[in-house]
């Protein structure tokens with residue numbers, strides 16, 4: 009059973025547009041939600057993360073929006089650039105645990 | 021990159037042969053993990069280790085075994101490789117957070133395995 013559900017599976021966005029990737033979870037014990045970015049031929053790398061005590065976290069062009077009541081969170085990439093083309097994974101974990109639960113990934117392509 | 025290396029980086033093998041993948045870390049982290057990545061499935065945990073000789077199964081452990089005889093090395097073995105084990109394999113470590121904050125998982129560069 010997939011603990012974290014991610015959509016869409018793939019996304020094509022024009023340069024300068026907004027990319028939005030959505031994730032949902034069921035386990036209310038999760039209290040830390042990181043996003044990972046993976047370029048072809050590389051391992052995933054931590055991009056940005058949020059805890060459920062805030063509804064939004066922004067780092068540069070990347071923003072996480074968090075809706076605790078709906079058990080959903082999303083990644084927004086503003087002014088998307090071709091260099092943002094990568095696979096993005098959302099994840100969730102409970103404090104004290106050491107195993108992340110990953111979404112299935114979204115392959116983002118930003119067209120120049 | 022948290023000092024994680026994987027070897028080999030690429031391997032082609034035949035069905036029925038044993039294969040061992042190695043993960044090496046330089047920063048003495050307690051937790052180490054093996055994942056496989058497949059299209060449409062994302063990252064799936066195979067096995068993980070929480071110390072020397074301490075390991076546990078993940079969600080897709082069938083057909084795989086692991087060993088950790090030293091803190092820095094975590095080995096993944098396919099006893100008898102099958103075509104369904106063609107995948108990209110990632111090793112990862114868990115770096116604990118500071119002051120009670122959340123930790124971070126760091127991944128190695130991956131091993132691309134093709135089983136013919």
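Chains as they are written, first to last, in this note's numbering: chain A, 9 to 120; chain B, 21 to 136. Glycine is no exception: its CB is placed at the ideal position from the N, C-alpha and C atoms.
Check, Outcome
"Spatially closest choice to residue 55 of chain A from A:10, A:95, A:20, by CA coordinates", "A:95"
"Spatial distance of residue 47 of chain A from residue 115 of chain A (CA atoms)", "10 Å"
"Delimiting residues of the beta strand (DSSP E) encompassing residue 77 of chain A", "Taken as a continuous stretch (DSSP letters only), residue 77 of chain A belongs to no beta strand (DSSP E), as it is neither H nor E."
"Near-chain B residues of the region 11 to 30 of chain A (beta-carbon distance less than 8 Å), N- to C-terminal order", "14, 17"
"Validate contact between the region 31 to 46 of chain B and the region 70 to 79 of chain A using beta carbons, cut 8 Å, 3 pairs", "no"
"First through last residue of the beta strand (DSSP E) which encompasses residue 31 of chain B", "30 to 33"
"Chain-order list of residues whose beta-carbon lies under 6 Å from that of residue 86 of chain B (same chain, five-residue window excluded)", "67, 75, 96"
"Within 9 Å of chain B by C-beta, residues of the region 36 to 57 of chain A in sequence order", "39, 40, 42, 44, 46, 49, 50, 51, 52, 53, 54, 57"
"Beta-bridge pairing of residue 64 of chain B - partner residues as DSSP gives them", "B:56"
"Within-8 Å CB hit, residue 133 of chain B to chain A", "no"
"Residues of the region 109 to 124 of chain B whose Cβ lies closer than 8 Å to any Cβ of chain E, in chain order", "Looking at the structure shown, chain E is missing, and the protein chains on hand are A and B."
"Rounded straight-line distance, which links the Cα of residue 128 of chain B to that of residue 40 of chain B", "16 Å"
"Secondary structure of residue 116 of chain B, DSSP reduced to three states", "coil"
"Which listed residue (A:61, A:62, A:57) has its alpha carbon closest to that of residue 70 of chain A", "A:57"
"Meets three-Cβ-pair contact criterion under 8 Å: the region 98 to 118 of chain B and the region 44 to 63 of chain B", "yes"
"Rounded Cβ spacing between residue 99 of chain A and residue 42 of chain A (contact assumed at less than 8 Å)", "5 Å"
"Residue 28 of chain B at chain A interface by Cβ criterion, 8 Å", "no"
"Residue 29 of chain A: first and last residue of the uninterrupted beta strand (DSSP E) it sits in", "27 to 33"
"Local conformation of residue 11 of chain A per DSSP, three classes", "coil"
"Below-8 Å beta-carbon distance, residue 112 of chain A vs any chain B residue", "yes"
"Cut-off 8 Å between Cβ atoms - residues of its own chain near residue 29 of chain B, not counting five sequence neighbours on either side", "129, 130, 131, 132"
"Buried/exposed call for residue 26 of chain A, threshold 16 Cβ in 10 Å", "exposed"
"Three-state secondary structure (DSSP) of residue 27 of chain B", "strand"
"Beta carbon proximity, residue 97 of chain A to chain B, threshold 8 Å", "yes"
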